[in-house]
Each structure stands twice: as C-alpha cells, then as structure tokens.
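One structure is given here, and the rest of the page talks about it.
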Amino acid sequence: MAGTVTWARVKSPWVLHFNSGACNGCDIEIVSLLTPKYDVERFGIKLEPSPRHADVLLVTGAVTKQCAERLKRIYDQMPQPKFVVAIGACACSGGVFAGCYGVEGGVDKVIPVTAYIPGCAPRPEALIDGVVKLLNALSPPKPKKQPKHPKVVEAPKEEAKPEAPKPEAVAPQEAKPKVEETKPDAKE
Amino acid sequence: MQKSKIDIVNEIVSKLGEKVQIQLGQLGKAAIVTSNGLHRDVFKAMAEADEKTAIVAITGLDLGANLGILYHTRTSNALVTVKAEVPKENPKIQTITDIIPGAVFHELEVTDLLGVIFVGNENPGHFVLTDNWPMGVYPLRKDVNANEIKLNPSPPEEAKTAEEGKLTKIIIGPQHPALLEPEKFAITVDGETVVKVEPRIGYVHRGIEKAAESRTYLQDIYLVERICGICTTIHACDFCETVEKLLKTEVPQRAKYLRVIALELNRLHSHFLTLGHAGLEIGYETLFQYFWRDREPIMDLIELTSGNRVYPSIMTIGGVRRDLRETDIPRIKSTLVDLRKKLPFYRQVYENEPSLRARMKNVGVLKREDALKLCVVGPVARGSGVDIDVRKDEPYEAYGEIPFKEIVYTDGDTWARMNVRLDEVEESINIIEYALDHLPTGPFRVKVPRAVPAGEAVNRVEAPRGELFCYIKSNGTAFPDRVKVRTPTYANIPAFLKTAIGENIADVPPNFVSLDPCFSCTDR
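Protein chains in written order, with the working numbering: chain A, 3 to 190; chain B, 6 to 529.
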C-alpha cells in the first residue's frame, strides 16, 4: 500500500505556489510551466489552490516579514509528508534583497526546505529539472518492478535529462483544440 | 487629440504672486517652494487651471532638523514639484486629499516610512510596514538603522471572515488562488453586492528604497530592476535616465533606439501576460493558454537580444550593455510578423465572443471625472478617455522620432482597458519594426564617472502599466542619498476601490485584473 501511495505521489504531485514577497520574476516562470510550451501537466504536476491538498510547496521570494507568519501557517496546513522547494535566488538566500529591512532572507529561515532551485529567475527548464530531481529522490529504487508498466516507467528515465523531452512535447502543443482537454484529465 | 497648452507655472504666479518662490527648471518644469497651508492654495490653483492636475508621487526627505515633502504633480503638459518642510519635532502638515483625492495612498506611505502626519488623512495602523513593526520607528529616517529594529513579538490577530449583521466580510489573500501575489483585500458584501473594500498592502514590502541608499548607482540598477520581474526593463531605464540627468550625460543615438526596442519587447510580454491573465480570471482558460503560448516567442526574443528571459539587465547608465547583432534582426522581424498575424484572432475574440463580453462589458466602469480625480495612469486612464501617455507627453529616448498612435477608449470598463492593451500590442510591434529599420550606427554606450554630482532629479517614463516615476537625490558620492520610485499600480489601486463598490462579487476578479495589478511594484 505504501508503495502505491509513493507511486501516486511521484506520478502526480500536486503543488502549491506561494509568493512570499517575490518580484514576480520567478512567479511568471512558474505560470509559464503550466502553459503550452512547457506544460508540466504532462508529468502529472498540477497547481493546487489549497494547501490542504498539496504535496509540494513552491516558495518564491525572499520572505518578507509580513509574509513569514503566513508562510509558516500555510506550511502547517499541508498534510504529511510535505516537501518545500525554494525557487529563485531570493528564496534560497535572500538574493539581491539580502540585508533589506523588510525581508527575512530566505525560505529556510522560516520553514525547512527540501530542494533549492537557484537562478534569477530560474528558467522553466531549471524548474522542471528541480522538481523532477525532487520526485526522483522520493521514489524508492525498485528497478525490477518497473518493466510491468512500460509506458509509465519510461517517463522518469527521460525526465532525469530535462532537456530531452522538450522538443517532442512542444510540437503537439501547437494544436489549438487540445488545450481545453487538459482539465478533466488532470482531475482523474 | 489636441494636447493642452496651459502654462501651469504662469497660472500659479498669476494667482499667488510673490507668496511662492519658483525655481524654474528644477525637479521637472519647476519647483515651487511653499510652506504648510500655502501648499493647499497652490494645489487649488493648479486644480482649477488644469483638469489633468494629478499627484504623481509624494517623496519624503530627511533633511536633518526638518522633514521635506515633495509633491510631484503632473499637469497636462508638465511635471512640477511643490516643496514643503515640517520640523521633525512636530511633523504635521495639512492633507491635500480633499483637493486631489488620488493623493490618499501617497500621503499614507510617507506617514508610515518617514513619520510625517498629514492632518485629515491619518491611519491608525501600518500602511506598508509589517504589522509587528514598532510604532514610531520610521525606516527612511537617516538616524534609524532599519536592520536592527526589533519587531514586536506577536503580530495583532488578523480579522477573520465574519458576519456583521446583514453584511458579510470576505477576506481575499494573502494566499489565494486568484492572486498570484500576496496581498490582502477585505471585501464586505451585502448578499452578492460589494459594499466596502479594505486593502492591506505591504506583503511584498522589502525596503528597496532604503537598500538603494547603501549601494552604488551601478549596483542600484540591478536592485531597482528587481522591484518587479514583469516590467523590469522600464524600472532600470527610469533609474538610468534619472542618473543621466544628474550626470548631464547624453546617451548615444543608437543606445536610444536599442532601449526603445528593449522597452517595447518588455511591454509586449507584459501585455500578453495580462491579456491572458484576464482570460483566466473570467474562466476563459483557453484564451489564457493561447495568449501565453504566443507570449513565448516574445520571451525568446528577449533572450535573443539580452541573454536572459526574465531579467534582460540590458540598461546601464550611459547606454545599453549589449549591442544588437545584425544577424538577429531578421529573426526578430519574422517573429513579429508571425505575432501580428495572430492579432486579428484575438481582436475578433474580444469583439464577438459573447461570454467574454458578458464578463467584461460594463464591469468596473471608471468615469472620466473619477479617473482624473483619482490620478490613475496608463491603460486604466486611457481606457477611461484620459489621454495621458508619457511617450507622447514628454518623449524620452527615441519616442519623439518614432510615429505611433496613442490608444484611447472612452467606455471606461474592463473591456475598454483590455482593448487598450490589445491595441498597444500592435503599436509596440510597429515601434519595434520602425526602430529596427531606422537603427542608427555608432556607439551603444558612453563611459560615465562613478560619483554623481550633488543634486536632485526626477524622471518619468511609460511602463506597461502606466507612468513610472523616479526621484533621486545625490550627495556627490557614488551612493545616492535618496531614491524614490512610484510605480503605476500604486496609483491605480484607488480606481479598483472606487469601481468595485456596488458591483457583484463575481465581477471583482475581472475588474481587478483589468488594472494589471503588480504588488511587488506597489510595495517595493
């Protein structure tokens, strides 16, 4: 049973995005991930509006003092096990705002962080790489079981090299009517 | 449309005569030195003479024994600054919000950060500072070391969603699926009708204005452009132009054109972002995905010309950091041609799509009089029939030489505001194509000294969201004495507070997104 839960978590992580006082640079790149060119829903990654449904918390920004309390509260609202990804130089260390009177200077000053994705702003490819690395770390090494599901298993091998699946995936997304169909699929 | 020819300085002199001291050519067209009480007469005179009189920003200065207050005021054809001073022991000055209602937020910010009390416009709590910031400590005063301030241990209890008799209070934010950024709005509704909107900004207040004082001008470019990740290029451009005014440096002609190209690419991606976001907020997710799909080629162009997607960092004092390669020009042009081909589809969607019209037409109507009173800027003002565009009013860089149309709609609703942006996309494409065709040869930057001569300068530019204002006071060293940035969203939020009242609660998101809100700009 635990194996099934982990499998489900790795194959369909629901992420919550929280802007803790970022400049929007990282945030627009996160939104880019959901749109046709990068489209992370093909990895089962879905942006969730509520912390109570989320597995992964994506935090951007240097954590302003006004937001720190709220960030802690949102983290507490997430069910176990939970993972925090600090996105961007500010979330990792305070970045250009380190030393400003309004910021705490990094997500790890307030809540524990599982993965750091540096960059100002990190490219969408870097974000995909970071999340996929996090997911790979979660999945237990079970090489023998995997061949039973040939289609599903092939995906993580490609994901390890984030650059590889991109050119193939971009082309079909150009087709216009496909866009609407993503919604019902993701809920399943 | 014909631009007004009123000479505001002559008007003030004719009305107030010897009472005020006029310093021509300083801080805009002229600086008008007044005192407490007299400044109200100046504003009354200006408001009578010119209907477009609006507060651009209020800068607070720590002058030692006194606190200086600079009211940067925009009229239809000039920027003037009204100066006043109050002693530090008794920092009280009369408010001007009854003459110019749009000054409310600007006054409250100065109160919070510098401790000037505007009699008649007081706020019991903090406005931009965090809730547990100790009262009576003002971070922008020179004797305050803001990094060593001990915060109060527990922030006050936040108000919860509660029924107050017939009325219900709904809290939106700081974390909310409709808001990409943390900010809180307490919306009181009677049934489905909005009765009151109380904003709490400051969730993204990082203290950039204070931090800028401890960094050199060159370092500040990178700090200032990180005020906002969407309109980043224009922030850097505004800062560089202001410093160039202090240095009295003339930027090479080629750099001016390269700056225009960078700025318009920035405007294109910002407008596509907003147009898509509006689709998301009205539940038209397909439109959101279409716009964001077509935004990616623009991001590729930004990357092509600067090496980075989100932060081009192309502006520098004295020009631009990178030249444009001749070999890249055909690719930019072909991408723009492709982009232009997609515009008729979007226009047709905005014109004919019934669901979109139902959610946007007659939603959040801002009348022209209100737009003028509330001092709104950019597409919000132009959607309400107020023809202000800094690119036309006070051409900077190469905008004076490039032909383009100023887009004005008179409907004043959400639909009009989004259409202004859609039309501006086409104008931006025209501008970039013209600039590429007429790109002058020569150097793309000049060397400038590190230390900047003492003085003050103001500058304004047209960001994607509207007029962006920058004030810099230099003390002759490599570090600025005061940097003030007034961002367009800060000026536009009062419009939302006004138009949301009396509306259906479901119309709040499309109305709000039509302002193109950017809170990281707002709070700094």
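Heads up, the beta-carbon is just placed ideally off N, CA and C, and yes, glycines get one too.
Please read all numbers here as calculations on a predicted model, not as lab measurements.
The shortest C-alpha to C-alpha distance from residue 93 of chain B to any of B/80, B/142, B/114 and B/81 is the one to B/142.
Between the segment 17-32 of chain A and the segment 48-60 of chain A, the count of Cβ pairs shorter than 8 Å is three or higher; the stretches touch. Selection B/45, B/41 and B/50 evaluated against residue 18 of chain B yields B/50 as nearest (Cα-Cα).
Neighbours of residue 215 of chain B across chain A, judged by C-beta separation under 8 Å: 102 and 103. According to the DSSP assignment, residue 311 of chain B belongs to the alpha helix (DSSP H) that extends over 290-311.
Contact between the segment 438-448 of chain B and the segment 175-192 of chain B is absent: fewer than three C-beta pairs spanning the two stretches fall below 8 Å. Of the candidates B/295, B/300 and B/333, the residue whose Cα lies closest to the Cα of residue 312 of chain B is B/333.
At a beta-carbon threshold of 8 Å, the residues of chain A lying near residue 210 of chain B are 23, 66, 68 and 104, ordered along the chain. The Cβ atoms of residue 376 of chain B and residue 389 of chain B lie closer than 8 Å to each other. Only buried fits residue 68 of chain A, as 16 or more other CB atoms lie within 10 angstroms of its CB. Taking a contact to require three or more Cβ pairs closer than 8 Å, the segment 458-477 of chain B and the segment 340-348 of chain B do not qualify as touching.
Here residue 439 of chain B is actually not in contact with residue 424 of chain B; their C-beta atoms are around 23 Å apart, not less than 8 Å.
Neighbours of residue 233 of chain B across chain A, judged by C-beta separation under 9 Å: 25, 26 and 27. In the structure shown, the three-state DSSP call for residue 409 of chain B is coil. The contact set of residue 152 of chain B on chain A, defined by CB atoms closer than 7 Å, consists of 101 and 103 in chain order. Chain-order list of chain A residues neighbouring residue 408 of chain B: empty, with the shortest C-beta distance near 31 Å, by a criterion of under 8 Å. Under a criterion of Cβ atoms nearer than 7 Å, the residues of chain A adjacent to residue 523 of chain B are, in order, 26.
Closer than 9 Å at the C-beta level to chain A, one finds no residue of the segment 82-116 of chain B.
Listed along chain B are 298 and 301, each with a C-beta nearer than 7 Å to that of residue 39 of chain A.
When B/463, B/13 and B/248 are compared, the shortest CA-CA separation from residue 321 of chain B is found for B/248. Membership of residue 524 of chain B in the alpha helix (DSSP H) is indicated by the continuous run 524-528. The C-beta of residue 94 of chain A comes no closer than 8 Å to any C-beta of chain B.
Here residue 283 of chain B has 423 and 518 as same chain residues with Cβ atoms under 6 Å from its own Cβ, once five neighbours each way along the sequence are excluded. Nearest Cα to residue 482 of chain B within the set B/459, B/443 and B/527: B/459. Taking a 10 Å sphere around the C-beta of residue 80 of chain A, we find 16 or more other C-beta atoms and assign the residue as buried. Residue 403 of chain B carries a coil assignment under DSSP once its states are collapsed to helix, strand and coil. Of the candidates B/338, B/344, B/336 and B/278, B/278 places its Cα closest to the Cα of residue 520 of chain B. Around residue 35 of chain B, the same chain offers 14, 27, 28, 29 and 85 as residues with beta carbons nearer than 7 Å, after the five sequence neighbours per side are excluded. Exposure of residue 75 of chain A is indicated by the presence of fewer than 16 other C-beta atoms within 10 angstroms of its C-beta. DSSP places residue 47 of chain A outside both helix and strand once states are collapsed to three, so it counts as coil. Burial state of residue 272 of chain B is buried, judged by a 10 Å Cβ sphere holding 16 or more other Cβ atoms.
About 13 Å separates the Cβ atoms of residue 514 of chain B and residue 290 of chain B, ruling out a contact at the 8 Å cut-off. Pairwise C-beta distances place the segment 378-394 of chain B in contact with the segment 494-502 of chain B, as three or more of them are shorter than 8 Å.
Interface criterion met: the Cβ of residue 315 of chain B is under 8 Å from a Cβ in chain A. Residue 135 of chain B reaches chain A at 66, 67, 68 and 104, counting residues in chain order whose Cβ is nearer than 8 Å.
For residue 228 of chain B, the chain A residues whose C-beta falls within less than 7 Å of its own C-beta are 98, listed in chain order.
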